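Student: Reading the sequence shown from the start, the letters are residues 1 to 317 in my numbering.
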Amino acid sequence: MPLPTSPVIRRARLGAELRQLRRREELTLEQVCDRLGWASTSKLSRIELGQSRPDLADVLDLLDVYRVAPDERDALIVIARDAATGRGWWKTLGGMGERQRAYAELEAGAATVVEYQPAVVPGLLQTPAYARLRLGVARLLHPDVDVEADVRARLVRQEVLHRAEPPRYTALLELAACDPGGVPDGIWREQLRHLVTLAGRPNVTIRVVPPGVTAGGAHPLTPFTRYSFPDPADPRTVMLEALTTDVRLVSPADLGWYDAVIDRLLDAALPATETAALLARLADDPSLPAAADLGGQPSVRARPEGAVLPRPRLPQD
Numbered sequence: 001m002p003l004p005t006s007p008v009i010r011r012a013r014l015g016a017e018l019r020q021l022r023r024r025e026e027l028t029l030e031q032v033c034d035r036l037g038w039a040s041t042s043k044l045s046r047i048e049l050g051q052s053r054p055d056l057a058d059v060l061d062l063l064d065v066y067r068v069a070p071d072e073r074d075a076l077i078v079i080a081r082d083a084a085t086g087r088g089w090w091k092t093l094g095g096m097g098e099r100q101r102a103y104a105e106l107e108a109g110a111a112t113v114v115e116y117q118p119a120v121v122p123g124l125l126q127t128p129a130y131a132r133l134r135l136g137v138a139r140l141l142h143p144d145v146d147v148e149a150d151v152r153a154r155l156v157r158q159e160v161l162h163r164a165e166p167p168r169y170t171a172l173l174e175l176a177a178c179d180p181g182g183v184p185d186g187i188w189r190e191q192l193r194h195l196v197t198l199a200g201r202p203n204v205t206i207r208v209v210p211p212g213v214t215a216g217g218a219h220p221l222t223p224f225t226r227y228s229f230p231d232p233a234d235p236r237t238v239m240l241e242a243l244t245t246d247v248r249l250v251s252p253a254d255l256g257w258y259d260a261v262i263d264r265l266l267d268a269a270l271p272a273t274e275t276a277a278l279l280a281r282l283a284d285d286p287s288l289p290a291a292a293d294l295g296g297q298p299s300v301r302a303r304p305e306g307a308v309l310p311r312p313r314l315p316q317d
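1. Beta strand (DSSP E) containing tyrosine 103: first to last residue?
2. Along the chain, where does the alpha helix (DSSP H) containing valine 261 start, and where does it finish?
3. So, do the stretch 160-170 and the stretch 111-128 have three or more beta carbon pairs nearer to each other than 8 Å?
4. For threonine 275, which residues in the same chain have their Cβ closer than 6 Å to its Cβ, ignoring the five residues on either side in sequence?
5. Hey, how far is the Cα of alanine 16 from the Cα of leucine 141?
6. Per DSSP, what are the beta-bridge partners of threonine 237 in this structure?
7. Exposed or buried, which one is histidine 194 when buried takes at least 16 other CB atoms within 10 Å?
8. Within the continuous alpha helix (DSSP H) that includes glutamine 117, where are the two ends?
9. Taking all protein chains shown into account, decide if proline 118 is buried (16 or more other Cβ within 10 angstroms of its Cβ) or exposed.
10. CB-CB under 7 Å to leucine 44, same chain, minus the five flanking residues each way: which ones, in chain order?
11. Of all the options Pro143, Tyr116 and Asp146, which has the alpha carbon lying nearest to the alpha carbon of arginine 264?
12. Per the DSSP calculation, glutamate 165 is bridged to which residue(s)?
13. Under a Cβ-count criterion, where at least 16 other Cβ atoms within 10 Å of its own Cβ denotes burial, should threonine 245 be classed as buried or exposed?
14. Apply the 10 Å Cβ neighbour rule to valine 121 and answer buried if 16 or more other Cβ atoms are within range, or exposed otherwise.
15. Identify, in the order they occur along the chain, each residue of the same chain with its Cβ nearer than 8 Å to the Cβ of alanine 199, setting aside the five sequence neighbours on each side.
16. Return the chain-ordered ranges of every alpha helix (DSSP H) run that is complete within the stretch 26-78 and spans a minimum of 4 residues.
17. Taking all protein chains shown into account, decide if serine 228 is buried (16 or more other Cβ within 10 angstroms of its Cβ) or exposed.
18. Output the distance between the C-alpha atoms of serine 251 and alanine 80, rounded to the nearest integer angstrom.
19. Output the residue ranges of the beta strand (DSSP E) runs that lie fully inside the stretch 143-208 and measure 3 residues or longer, sorted by chain position.
20. Of the residues Pro223, Pro143, Asp185 and Thr197, which one's Cα is nearest the Cα of cysteine 174?
21. Can you give me the C-alpha to C-alpha distance between arginine 46 and aspartate 267, rounded to a whole angstrom?
22. If you follow the beta strand (DSSP E) that leucine 249 is part of, which residue opens it and which one closes it?
23. List the endpoints of the continuous alpha helix (DSSP H) containing leucine 279.
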């Protein structure tokens, strides 16, 4: 059975391949559009940038213009069909927000997911009650949020971890994410026990980063998630989570930076077994300060400012 693919990533892959073919033929956007009778270059530009769902007939026309060999043509047609997919499960949930939909599209085809969260439990690991509480807080900033629709969507998103061939998922949590932070006791205990249960799955790894040692003295400033895909030619992606929007990064330079951050976080984090034991103890007694359970290390709030990681040097072509 073929592995699922992510339409948004296949669109990015297709666009990059088509742009490379056009440049190989030494054609400008204007020249290609003139040959095809397209009214403006915006259509082709959006296809190359992966910003629109391509029509297969348009892709076939482009392959003709670029004189693509049969074997390469067949491979690109497969990618184009994946890219043209427009009805993932998320399309059936009308109340699902655009931001959550972007994550769902990436998760749908991911082979690995690594998520860093400094303050809250990641969406793929949330219980319904905890998700409802967090989304209710988000509604203060976005009054049009349909909390119940987004909770339902989040629960369906979580099924990706339980499918026949699930992605390998790793959560890297700052200690603050293990603090109730005003969450009612019953909801918080349930959430912690849920994390312990999920940590027992072979494809799920949860690790807590102790305070004061984050990434070897340096730490990222915002939550982020890195995705890789079964086809290594599909572009790896990082999603940065900000207060009002999300940013998708695909450039090798950006990915090199986040690869370095993830490596340092993994070096600093508690082993998965110790993390599970910590979460179980906190579930039994949520009033126990998490930092105290780590040997009395400084609390997250008292952590000194970390240094900024230098951007890694990438090999030159």
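The beta-carbon is built from N, C-alpha and C at its ideal position, and this holds for glycine as well.
Quantities reported herein were computed from a predicted structural model and do not represent experimental measurements.
Tutor: So, from the listed chains and residues:
1. No beta strand (DSSP E) holds tyrosine 103; the alpha helix (DSSP H) holding it covers 98-108.
2. 252-268 is the extent of the alpha helix (DSSP H) around valine 261.
3. Yes: at least three Cβ pairs fall under 8 Å.
4. So the list reads Ile206, Arg207 and Val208, once near-sequence residues are dropped.
5. Between alanine 16 and leucine 141, the C-alpha separation is close to 36 Å.
6. In DSSP, threonine 237 forms a bridge with Tyr227.
7. Result: buried.
8. For glutamine 117, there is no enclosing alpha helix (DSSP H); the enclosing beta strand (DSSP E) covers residues 112-117.
9. In the assembly as shown, proline 118 is a buried residue. Its beta-carbon has 16 or more other beta-carbons within 10 Å.
10. Non-local C-beta neighbours of leucine 44 in its own chain, meaning closer than 7 Å and more than five positions away in sequence, comprise Leu29, Val32, Cys33 and Trp38, ordered along the chain.
11. Closest by alpha carbon: Tyr116.
12. Within the DSSP bridge table, the entry for glutamate 165 names no partner.
13. The residue in question, threonine 245, is exposed, as its Cβ has fewer than 16 Cβ neighbours within 10 Å.
14. Per the 10 Å Cβ criterion, buried.
15. Thr205, Ile206, Ala272, Thr275, Ala276 and Leu279, listed in sequence order.
16. The stretch 26-78 contains these whole alpha helix (DSSP H) runs: 29-36, 42-48 and 56-65.
17. With 16 or more neighbouring CB atoms inside 10 Å of its own CB, serine 228 falls in the buried class.
18. Taking the straight line joining both Cα atoms gives about 21 Å.
19. Within the stretch 143-208, the complete beta strand (DSSP E) runs of at least 3 residues are 168-174.
20. The displayed chain sequence assigns glutamate, not cysteine, to residue 174. Selected option, being the one with the closest Cα: Pro223.
21. A straight line joining the alpha-carbon of arginine 46 with that of aspartate 267 spans about 40 Å.
22. Following the DSSP letters along the chain, one finds leucine 249 inside the beta strand (DSSP E) bounded by residues 246-249.
23. Unbroken alpha helix (DSSP H) run through leucine 279: 272-284.
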